[in-house]
Structures are given as structure tokens and as C-alpha cells.
Amino acid sequence: MIVDRLEAARFAACKSGLADLLADTVNSGASVGFLAPLDRAEALAWWEERAAEMAAGRLAVWAAYDGGRVLGTVSLAFPAKANSRHRAELVKLMVHRDARGRGLGRRLLTTAEGAAAAAGVTLLHLDTETGSPAEHLYRSAGWTAIGAIPDYAANPDGELRPTTIYYKHVAATALTR
63 MIVDRLEAAR
73 FAACKSGLAD
83 LLADTVNSGA
93 SVGFLAPLDR
103 AEALAWWEER
113 AAEMAAGRLA
123 VWAAYDGGRV
133 LGTVSLAFPA
143 KANSRHRAEL
153 VKLMVHRDAR
163 GRGLGRRLLT
173 TAEGAAAAAG
183 VTLLHLDTET
193 GSPAEHLYRS
203 AGWTAIGAIP
213 DYAANPDGEL
223 RPTTIYYKHV
233 AATALTR
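The structure is reproduced here in C-alpha cells:
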């Protein structure tokens, strides 16, 4: 399995697979900001909207693929404000239901953490549905929960659920992004 940061050309080649992954993730019950059923066209449009953020350097996206099939992804969102350049938000860590339970989520998380440190980022944060399987991954990887917000977001079935906020300090290894 290959995990690559997607630059413009590779993103264009992978966005169809990323759309399939997003639809699979939502339709299998993971809460990543969409309601089920999520159709492929909506998922593809969402990914296409990310291209401008990537081009502007505000979003870095990695994809894990095997034989050309996208099985996972993770992104880092970088704030535009000068006083926030030491931090980034970990967003859209997704693993296809066919690839879960084999360490791919941890590999993607480790990849993003390492890339953040290499970009001079010292603080990462994220939010995830309280009680979701993702919480085990984050806690076991050294992330610290700071609290939960009740009724923060609807899960794919439309039920309001709490969200837990996490952070992690990473050691910066460079000063530029």
C-alpha cells in the first residue's frame, strides 16, 4: 500500500477514488460531516471544492491506495492567520470499510503528524464523534481529549451527537511550510 501527499496532478487523478471513499465512509456510518445516503456526485463535488484550498497551501491531502484503489485519506488544514501558523487541524481521516482493522488509520495519522512537524507545526487539533471507534485511535496515539460538546453535529443518520475535541503537540523539525 502506498501513502502519498497529493499534489495537483495526482489529486486530479485520485479525486474519483476519494469520492468513492467519502461515500463509503458516510454510508457505512462514520460521522465526517455528511448525511447518508451520500451519493457519489455529491462526494465528488465536495472533493473538487478542496482543489482551491490545496492550491493555496491551506490544505494538504494524503491518499492511501493499493492497485490504484483509494482506501484511505487524511488531511491537514492550515489556518491563514499569522498568529496561528504554529497549528493545524487534522481533518477527514477516513479508511474504506474493506481496509479497516489493518493499521491503515494509524499509518495515515502518523503520516499527517510527521508532515505537520516537518512543516513547522507544533500543535494539532481535531474533533470526532464522541464514542466513535476513532476515539480509540486518537487516544492510543497520544492525543489528549479536552472535552465534549453536546449535540454538536448530526451523524449520517441525522441524529445529533456529541463531539470530542482533541489536541496533540508535535515536535517541529522545520520552520516553513
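No gaps in the numbering here: position 135 of the sequence shown is 197 in the numbering used here, and each next residue is one more.
We put the CB at the ideal spot given by N, CA and C, even for glycine.
- Here Leu68 is buried, its C-beta having at least 16 other C-beta atoms within 10 Å.
- Distance from the CA atom of Ser202 to the CA atom of Thr184, rounded to whole angstroms, is 19 Å.
- When secondary structure is reduced to three states using DSSP, Glu191 falls in the strand class.
- Taking C-beta separations shorter than 7 Å and ignoring five residues to either side along the sequence, the partners of Ala122 in its chain run Arg67, Ser137, Leu138, Ala177, following chain order.
- The way I'd put it, the region 123-136 does touch the region 73-82; three or more beta-carbon pairs between them come closer than 8 Å.
- For Asp213, the enclosing beta strand (DSSP E) begins and ends at 206-216.
- The distance from the Cβ of Ala216 to that of Thr192 is about 13 Å, inconsistent with a contact at the 8 Å cut-off.
- Closest in C-alpha terms to Leu171, from the list Ala117, Ala142, Tyr229, Leu106, comes Tyr229.
- Secondary structure note for Gly167: its alpha helix (DSSP H) is the uninterrupted segment 166-180.
- One Cα belongs to Ala179, the other to Lys154, and the distance between them is close to 19 Å.
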